[in-house]
């Protein structure tokens, strides 16, 4: 029989997160606590759900325009202006996608020619490198360091740029480290990007989960950067709407035109019911987001204190809802530590290597779980490390 599969697709590894949690699923043990999934434990706010339900009762079950409902794109334009001082024409410069993941895929497929290089600072979310490769690009990794607060340093970016570099990928607040880049951190990065005539894809899905007390800053807001940046975000983290599968991208019209073309042929449009719910989230959801952010911040501080009390070094995450503790002093690899923790204490976390080789010696722990579960989980970590030599 003729070979059925594409050899290039076969060469792309499966997600390091999913691979590990297949073990959890096979255990089928109700005593297992999982701190691995980056999903808010809050329900979607009732007024948002109600708007989705209302759209169904009115028979609003048809395809939307390819780029998304006009009302939703109008609200997104207002939201980006109000929150981050970004101005985008809702008609030609904003597209509604099936999650932020689709938006990232569209960026790379619309912008990359075969062999173009994309600089990706790691640790980074598992999908970025595969998406670059699927679009024919070449991912170039910069290893971020704990001692640099997991921020992209200008000298490291400069050293990674070649004549094939086209895109610099940014994700701040960061998954998995929780690192944040402030205005003063982004300024020199923007200058290097302009100097080398590069583009930026900026995944800002966690922009509203920032615990610095300062407003999130998008690199697109710097002079000369709007025309060379695609901003990607979504509703999953900000409004606890993961299952609604709704994201968006904002970009200059010439880039957006090609992204929309791919979206038309591959997806048609994002779910209509979710779009009606999202309009209400943008109009009326600020209070819900603030409540969730305050609760995440309480959990974040609790985890940092517990690790400090255990003598485990843990980078002080200032965004998203993850911590990235350093477990290297125990003499186990990240994978070994996570597997033994699961087997011996029935606690599931993600090995740092799922997010790149430089994640070795770390774990990603999500605090998008109740304080009760977090307390039980940290008790199990404490019991586990006490038994290590």
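Residue numbers (our numbering): 1 to 389. Positions of the beta carbon are idealized from the N, C-alpha and C atoms, including for glycine.
Measuring only the C-alpha atoms, how far is residue i from residue j?
i: residue 296; j: residue 182; result: 20 Å
i: residue 210; j: residue 5; result: 43 Å
i: residue 229; j: residue 170; result: 10 Å
i: residue 269; j: residue 257; result: 15 Å
i: residue 48; j: residue 207; result: 20 Å
i: residue 237; j: residue 19; result: 23 Å
i: residue 194; j: residue 109; result: 22 Å
i: residue 86; j: residue 280; result: 21 Å
i: residue 70; j: residue 275; result: 10 Å
i: residue 101; j: residue 107; result: 10 Å
i: residue 340; j: residue 99; result: 34 Å
i: residue 200; j: residue 159; result: 17 Å
i: residue 162; j: residue 355; result: 24 Å
i: residue 288; j: residue 152; result: 31 Å
i: residue 368; j: residue 2; result: 47 Å
i: residue 42; j: residue 240; result: 6 Å
i: residue 298; j: residue 265; result: 44 Å
i: residue 12; j: residue 114; result: 17 Å
i: residue 119; j: residue 165; result: 7 Å
i: residue 242; j: residue 37; result: 11 Å
i: residue 358; j: residue 150; result: 11 Å
i: residue 51; j: residue 277; result: 5 Å
By the 10 Å Cβ neighbour count, where 16 or more other Cβ atoms means buried, how is residue i classified, buried or exposed?
i: residue 204; result: buried
i: residue 40; result: buried
i: residue 57; result: exposed
i: residue 387; result: exposed
i: residue 244; result: buried
i: residue 273; result: buried
i: residue 324; result: buried
i: residue 44; result: buried
i: residue 337; result: buried
i: residue 62; result: exposed
i: residue 212; result: exposed
i: residue 104; result: buried
i: residue 259; result: buried
What distance in whole Å lies between the Cβ atoms of residue j and residue i, which are believed to be in contact at a cut-off of 8 Å?
i: residue 122; j: residue 140; result: With 8 Å as the limit, residue 122 and residue 140 do not qualify as a contact, their Cβ atoms being about 10 Å apart.
i: residue 381; j: residue 347; result: 7 Å
i: residue 250; j: residue 80; result: 6 Å
i: residue 364; j: residue 385; result: With a Cβ gap of about 17 Å, residue 364 and residue 385 do not count as contacting.
i: residue 157; j: residue 192; result: 6 Å
Completely contained beta strand (DSSP E) runs for the region 52-103, where each covers 3 or more residues: Entirely contained in the region 52-103, the beta strand (DSSP E) runs reaching 3 residues are, in chain order, 94-97.
What are the uninterrupted segments assigned as alpha helix (DSSP H) that are 4 or more residues long and contained completely in the region 219-271, given in chain order? Qualifying alpha helix (DSSP H) stretches, in chain order: 253-266.
What ranges does the alpha helix (DSSP H) occupy inside the region 161-201, keeping only unbroken runs of at least 4 residues that lie completely in it? Runs found: 183-195.
If we require 4 or more residues per run, which alpha helix (DSSP H) segments fall completely within the region 308-352? As far as the region 308-352 is concerned, its whole alpha helix (DSSP H) runs of at least 4 residues are 334-345.
For the region 315-325 against the region 164-180, do three or more pairs of beta-carbon atoms, one drawn from each stretch, fall closer than 8 Å, so that the two count as touching? Note that the region 315-325 touches the region 164-180; at least 3 beta-carbon pairs, one per stretch, sit closer than 8 Å.
Within the region 105-138, ranges of the alpha helix (DSSP H) (whole runs, at least 4 residues): If we require 4 residues or more, the alpha helix (DSSP H) runs fully inside the region 105-138 come out as 128-134.
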